[in-house]
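First residue of the sequence shown: 1, per UniProt numbering; consecutive thereafter.
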Amino acid sequence: MPSTHDWIDSPLVVIEDMFAASQNSPNSGWEAKAVEFFKERLKEKDAHTWVPSLNDVPLHYLKPNSLVKFRCLIQDMFDPEFYMGVYETVDSSTKAKTLRCGKYKDVTECGVDFSSTNTVTAERQTFYCVPIPGENSWVKDSFAASSQARVIPSTSYVPSRQKRSYEEDEEMDDMDAQPQKQREPQSAGPQSPSEHLGNNDSKRLETEAPSGSTVSSSHINLNFPLPGEKGPSCLVKVYENWDCFKLNDTLEVYGILSVSPALSALADEKEASSGVLDPTESMETAEEQRVHSPPASLVPRLHMLYAAPLQHNNPLLPVISSADDSAFLSSSLGEMASVRAELLSYFTHVLLGDALSAEYLILHLISTVYSRRDVLPLGKFTLNLSGCPTVSSYTERLYQIIQQLVPSSYYLGMSLQNMNHMQLVPKKDYVANRLVSGALQLAKNTSLFLDETKLEQGQLDTTGVRNVTALGNLISWQKVDYDFSYHQMEFPCNINVLIVSEARSLLPSDCQVHVHSQVVPSDMEEYLGSIHIHSQAFSQLNKLRIYLSVARLLDYSISEELTKAVEDDFVDMRKDDPQSISAEDLHRLLVVARLLSLSLGQTSLSRDMWLRAKDLEAQRTSRMEQHTCVNGNEP
1 MPSTHDWIDS PLVVIEDMFA ASQNSPNSGW EAKAVEFFKE RLKEKDAHTW VPSLNDVPLH
61 YLKPNSLVKF RCLIQDMFDP EFYMGVYETV DSSTKAKTLR CGKYKDVTEC GVDFSSTNTV
121 TAERQTFYCV PIPGENSWVK DSFAASSQAR VIPSTSYVPS RQKRSYEEDE EMDDMDAQPQ
181 KQREPQSAGP QSPSEHLGNN DSKRLETEAP SGSTVSSSHI NLNFPLPGEK GPSCLVKVYE
241 NWDCFKLNDT LEVYGILSVS PALSALADEK EASSGVLDPT ESMETAEEQR VHSPPASLVP
301 RLHMLYAAPL QHNNPLLPVI SSADDSAFLS SSLGEMASVR AELLSYFTHV LLGDALSAEY
361 LILHLISTVY SRRDVLPLGK FTLNLSGCPT VSSYTERLYQ IIQQLVPSSY YLGMSLQNMN
421 HMQLVPKKDY VANRLVSGAL QLAKNTSLFL DETKLEQGQL DTTGVRNVTA LGNLISWQKV
481 DYDFSYHQME FPCNINVLIV SEARSLLPSD CQVHVHSQVV PSDMEEYLGS IHIHSQAFSQ
541 LNKLRIYLSV ARLLDYSISE ELTKAVEDDF VDMRKDDPQS ISAEDLHRLL VVARLLSLSL
601 GQTSLSRDMW LRAKDLEAQR TSRMEQHTCV NGNEP
C-alpha cells in the first residue's frame with residue numbers, strides 16, 4: 001500500500017502498479033479502482049490540503065507527474081483526442097516486450113512497438129480551464145494559507161515560499177532578478193533561477209523550460225475572461241464522464257501534472273512543418289495548432305483523476321460536497337440574526353446613513369438563481385441603487401467594500417470607452433477553433449458591479465449597443481448569447497448584478513432603491529473620507545463573509561398554509577384598487593420575503609416575515625413616489 005505521500009508525489013507509480021496487477025485478471029476493472037483509490041485518499045481528514053494547488057504555487061515549484069489540484073472555470077471545450085491507452089515497448093538489448101499504460105500521460109516511453117497487436121487506442125476530452133474569474137485576493141490568500149502541501153521533497157526548497165500566491169512570487173522574483181531581466185506578468189519561471197533555487201531546482205527548471213526556448217505569456221493569449229487576471233491556464237484531460245461537465249462550470253480538479261518539454265518541441269515541429277505541407281493534408285490550421293498545443297511551461301496539462309463541482313469558492317466554508325457541510329450550515333443559523341444586525345449597521349454607514357438601502361443591499365448580496373421556470377430565472381434580485389454621489393470616488397469605494405466581503409466580483413465602469421471597445425460577449429474564433437472569452441463569461445454567484453455614474457455624453461457604436469443589449473439580457477433572463485458568427489448560442493448564468501447610478505438606471509433591474517443621504521452636502525467630502533474597508537477585527541470580517549455565503553446556500557420553503565395566506569392577502573390588496581399591485585409586484589414581494597427570511601437564518605416563510613417584507617416594500621415604493629414627485633420623471 002502506498003505511503004501517505006507516495007500517492008501525491010508519484011501517482012503514476014500507483015496507477016502503473018494497478019495496471020500491471022490487472023494483466024493477470026483482465027476483468028479487474030482497474031481503471032475504476034484507481035480513480036476510487038485517489039477519491040478515498042482525498043476523503044481522509046485534511047487530505048485535500050496536502051495536495052499542492054496550481055492556484056497558489058508557481059508552476060516551476062511543482063514536481064512533474066505529481067498530484068496537484070486546480071480551482072478553475074471551464075472556459076472552453078476542445079475536440080476529443082485519441083491516445084494510446086495501452087501500448088507495448090521493446091527493450092533494445094534484451095528484446096523483451098512489456099505492456100505499458102498510456103493513461104494519464106502525454107508522452108510514452110521509448111521503444112514503442114507501433115506494429116504490436118496489443119496496442120489499444122482510447123479517447124479523452126480536453127477542457128481549457130482558467131482560474132475562477134474575479135476571485136478576490138482575500139479568497140486566494142486564505143486558500144494559500146490553509147495549504148499544508150509540501151510541494152518539493154528536496155530540502156533545497158524554502159517551505160515559506162510554497163504557500164505564496166502568484167502575485168507574491170512575482171514580486172519576490174522581480175527583487176531577486178537583475179533589473180534588466182524583468183519577468184512577464186504570467187511568466188512560467190524566473191529569469192535567473194540560480195539566484196534563489198538549489199541545484200536540483202535549477203536542473204528541473206532546465207528540463208521544464210530549456211534556455212533559449214522560454215516563452216513569454218505576451219506571445220500567447222491565455223484567454224482570461226477579465227482583463228488583468230493572473231495565474232495559470234491549464235489544459236485538463238478528461239478520461240471519463242466528460243458529458244457531466246458543461247462550459248462555465250467551476251471545479252476543483254485533482255489530476256496528474258504534465259509539463260514535459262517534449263510537448264513544446266512537438267508543437268514547434270508541427271508549426272514549422274505546417275508552412276511546408278499541403279494544407280489539405282492537415283486537419284488543423286497553424287493558428288489552431290498554436291492555441292490547442294501551447295507550451296507546457298506556460299499552459300500545463302492536468303490529467304484528471306477526480307473533479308469536485310464547486311457550489312461556492314469561499315475558503316471559510318467547508319467543501320459543500322463533504323459530510324460536514326449540512327452540520328456547518330445548521331450550526332451557523334443561530335448566529336445569523338446577530339451578524340446580520342452588524343452588517344446592516346455597517347452598510348447603513350457606508351450608504352450615507354440610509355438603513356433602507358442597506359436592507360436591500362444585504363438582500364441583493366445573498367440572492368441567487370435557485371431554479372428556472374421555462375425562461376424565467378427564479379431568485380435573481382438585480383438591485384439599482386440610484387442617487388449615488390459622484391464625488392470622492394464614492395462608487396469605487398463602495399465596490400472595494402463589497403469586494404472584501406464576496407468571493408468573486410468584477411467592477412465595470414460603464415463609460416463610452418468601455419462600452420464601445422470592451423468585448424463582453426464570448427465569440428467563437430473558427431480559424432483557431434476556440435471560444436474567445438468575454439467579460440461576461442463569469443462563474444456563478446459572481447458579483448458584477450455596474451457603475452453607471454461613469455456614463456458621459458456621446459454615441460454608442462455597434463459594439464456599444466451590442467454590449468448594452470447583452471447586459472440587459474443578463475439582468476432580465478440571466479443568460480448570455482455567445483457569438484458564433486452564424487448564430488447565437490444561449491448560455492444560462494447566475495450572476496449578481498448591482499447597478500449604481502445617479503438617476504434611475506438605463507438598464508432594467510428587479511428593484512430600485514433611491515439612496516437618501518443623511519449627510520449634509522458641506523460634510524460630504526469629510527464623511528466619504530471616513531468610509532473605509534471594514535475596520536473591525538479580522539475574525540469579525542470573516543463572520544460577515546461566512547454569513548453572506550451561508551445565506552445563499554440555505555434551502556427555503558413555503559408551507560401550504562402560508563401560500564394560501566399570501567394568495568388571500570393578494571386578493572385583499574387588489575379589492576379596493578386593482579391597479580395597486582400587479583403580478584410583477586407580487587413576484588418581487590415574494591422574492592423579498594424569501595431573501596429576508598434567509599438573511600435571518602429562517603428556512604421557511606413565516607407570517608411575521610411576510611408582513612415585514614410588505615412593510616419594506618411599502619417604504620421603498622413610498623420613497624420612490626416621493627422622489628418622482630420632487631424631481632419629476634427621471635430620465
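Positions of the beta carbon are idealized from the N, C-alpha and C atoms, including for glycine.
(1) Going by DSSP in three states, F347 sits in which element: helix, strand or coil?
(2) Based on the DSSP secondary-structure assignment, which residues constitute the bridge partners of T285?
(3) Of all the options K564, I74 and S549, which has the alpha carbon lying nearest to the alpha carbon of A307?
(4) Using the Cβ count rule (16 or more neighbours within 10 Å means buried), how would you classify P521?
(5) Please give the ranges of any alpha helix (DSSP H) in the stretch 491-546, keeping only runs that are unbroken, at least 4 residues long and fully inside the region.
(6) Which full runs of the beta strand (DSSP E) of 3+ residues lie inside the stretch 447-490, going along the chain?
(7) Just list the alpha helix (DSSP H) runs in the stretch 561-619, keeping only unbroken ones of 4 residues or longer that don't cross its boundaries, in chain order.
(8) Please report how far the alpha carbon of Q403 lies from the alpha carbon of D576, in whole angstroms.
(9) Check I8 in the structure and name its three-state DSSP category.
(10) By Cβ distance, which residues of its chain are closer than 6 Å to P153, with the 5 residues on each side in sequence left out?
(11) Where are the alpha helix (DSSP H) runs, 4 residues long or more, that stay fully inside the stretch 218-267, in chain order?
(12) Near A593, what residues of its chain come up, given a Cβ to Cβ distance below 7 Å and the 5 sequence neighbours on each side ignored?
(13) Between A296 and S331, which are expected to be in contact by the criterion C-beta below 8 Å, what is the C-beta distance as a whole number of angstroms?
(14) Between which two residues does the beta strand (DSSP E) holding E123 run?
(15) Measure the CB-CB distance between N473 and D481 and report whether it falls below 8 Å.
(16) Could you check what DSSP says for D17 in three-state terms: helix, strand or coil?
(17) Helix, strand or coil for I558 per DSSP?
(18) In whole angstroms, what is the alpha-carbon distance linking L333 and G85?
(19) Give a yes or no on whether the C-beta atoms belonging to F381 and L528 are separated by under 8 Å.
(20) Going by C-alpha to C-alpha distance, which of L435, T89 and V431 sits closest to L247?
(21) In angstroms, rounded to a whole number, what distance separates the CA positions of S505 and L365?
(22) How big is the Cα-Cα spacing for N542 and N241?
(23) Taking the beta carbon of H487 as the centre, do at least 16 other beta carbons fall within 10 Å, making it buried, or is it exposed?
(24) Count the C-beta pairs between the stretch 120-136 and the stretch 88-95 that are closer than 8 Å, then say yes if the count reaches three, no if not.
(25) So the candidates are A443, S66, I220 and T49; which of them puts its Cα closest to the Cα of R301?
(26) If you check the beta carbons only, do T463 and C388 fall under 8 Å apart?
(27) What is the DSSP secondary structure of I366, counted as helix, strand or coil?
(28) Let me know the secondary structure DSSP gives F78 once reduced to three states.
(29) According to DSSP, simplified to helix, strand and coil, what is R41?
(30) Report the residue from F491, K33 and L351 whose alpha carbon sits nearest the alpha carbon of H516.
(31) Ends of the beta strand (DSSP E) at V436?
(32) Can you give the Cα-Cα distance for M524 and G353, rounded to whole angstroms?
(33) Looking only at its chain, what residues have a beta carbon closer than 7 Å to the beta carbon of Y239, apart from the 5 residues adjacent to it on each side?
(34) Just to confirm my understanding: we take Y411, look at its own chain, exclude 5 residues before and 5 after, and list those with CB closer than 6 Å. What are they?
(35) Report yes if the C-beta distance between L553 and L329 is below 8 Å; otherwise report no.
(36) Between the stretch 129-138 and the stretch 224-235, do three or more beta carbon pairs fall short of 8 Å?
Working from what's here:
(1) Note: F347 maps to helix in three-state DSSP.
(2) Note: T285 sits in no beta bridge, so no partner.
(3) Minimum Cα distance to A307 is reached at I74.
(4) With fewer than 16 Cβ atoms within 10 Å of its Cβ, P521 is classed as exposed.
(5) Counting only runs of at least 4 residues, the stretch 491-546 fully encloses the following alpha helix (DSSP H) elements, listed from N- to C-terminal order: 524-530.
(6) You should have 447-451 and 479-483.
(7) Runs of the alpha helix (DSSP H) inside the stretch 561-619: 583-599.
(8) Rounded to the nearest angstrom, the two C-alpha atoms are 45 Å apart.
(9) I8: helix per DSSP, three-state reduction.
(10) Low per-residue confidence applies at P153: pLDDT is 42, beneath 50, and the placement is therefore not dependable enough to give any value.
(11) For the stretch 218-267, not a single whole alpha helix (DSSP H) run of length 4 or above is found.
(12) Excluding the 5 residues flanking it on each side, A593 has same chain C-beta neighbours closer than 7 Å at L605, M609, W610 and A613, in chain order.
(13) A296 to S331, Cβ: 44 Å. No contact.
(14) Unbroken beta strand (DSSP E) run through E123: V120 to P131.
(15) Closer than 8 Å, so yes.
(16) Collapsing the DSSP output to three states places D17 in a helix.
(17) Of the three classes helix, strand and coil, the one that applies to I558 here is coil, per DSSP.
(18) The straight-line gap from Cα to Cα measures roughly 50 Å.
(19) Their beta carbons are not under 8 Å apart, which means F381 does not touch L528 by this criterion.
(20) Closest in alpha carbon position to L247, among L435, T89 and V431, is L435.
(21) It is roughly 19 Å from the alpha-carbon of S505 to the alpha-carbon of L365.
(22) If you take the alpha carbons of N542 and N241, they lie about 37 Å apart.
(23) So H487 counts as exposed.
(24) The stretch 120-136 is not in contact with the stretch 88-95.
(25) That would be S66, whose Cα lies nearest to the Cα of R301.
(26) No, Cβ-Cβ distance for T463 and C388 is not below 8 Å.
(27) Assignment of I366 by DSSP, reduced to helix, strand and coil, places it in the coil class.
(28) Per DSSP, reduced to three states, the secondary structure at F78 is coil, with no helix or strand assignment.
(29) In the structure shown, R41 sits in a helix (DSSP, three-state: H, G or I).
(30) The shortest CA-to-CA distance from H516 to any of F491, K33 and L351 is the one to L351.
(31) Per DSSP, the unbroken beta strand (DSSP E) holding V436 starts and ends at R434 to V436.
(32) Using only the alpha carbons, I get a separation of about 12 Å.
(33) The beta carbon of Y239 sits closer than 7 Å to the beta carbons of K103, R124 and M304 from its chain, once the five residues preceding and following it are set aside; these are given in chain order.
(34) Take Y411, set aside five residues on each side of it, and the residues of its chain with a beta-carbon closer than 6 Å to its own are Y399 and F449, in chain order.
(35) Here L553 is near L329, since their CB atoms are less than 8 Å apart.
(36) Note that the stretch 129-138 touches the stretch 224-235; at least 3 beta-carbon pairs, one per stretch, sit closer than 8 Å.
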